[in-house]
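Participant: In this text, residue positions in the sequence shown follow my numbering: the first is 1, and each later residue adds one.
Using N, Cα and C, we set each Cβ at its ideal position, and we do this for glycine too.
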Amino acid sequence: NRVFLIGLIIAQLALVIVLSAMIQKLSAGVTTMLFMLYSALTGLTLSSIFIVYTAASIASTFVVTAGMFGAMSLYGYTTKRDLSGFGNMLF
């Protein structure tokens, strides 16, 4: 359900904002509880990927992403170049 997913995303973002703003004021127990809630919301949000997309699509996306990460890591390691400039071009 699209409305449920959007609600999860909004709840997750709201929780991040609250945690970021009040992290110094909250007790360790409350912070732990809010982090557990955030983890559960993240799990619910990301699990929707497995409902929407096929296993083959998820696997092929992972392989392409891992391959690109490996290639860029190898390139940066062998040439000793700073690859942070690629971020502006890619994003």
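Could you please give the first and the last residue of the uninterrupted alpha helix (DSSP H) stretch that includes Gly-85?
Facilitator: That residue, Gly-85, is in no alpha helix (DSSP H); it is neither H nor E in DSSP.
Participant: Would you be able to state if there are at least three C-beta pairs under 8 Å between the region 19-38 and the region 74-85?
Facilitator: No, because fewer than three Cβ pairs between the region 74-85 and the region 19-38 fall closer than 8 Å, the two stretches do not touch.
Participant: Please report the distance separating the alpha-carbon of Ile-51 from that of Ser-60.
Facilitator: Ile-51 and Ser-60: Cα-Cα distance of roughly 16 Å.
Participant: Can you give me the C-alpha to C-alpha distance between Leu-44 and Asn-1, rounded to a whole angstrom?
Facilitator: Looking at the two C-alpha atoms, the distance is approximately 12 Å.
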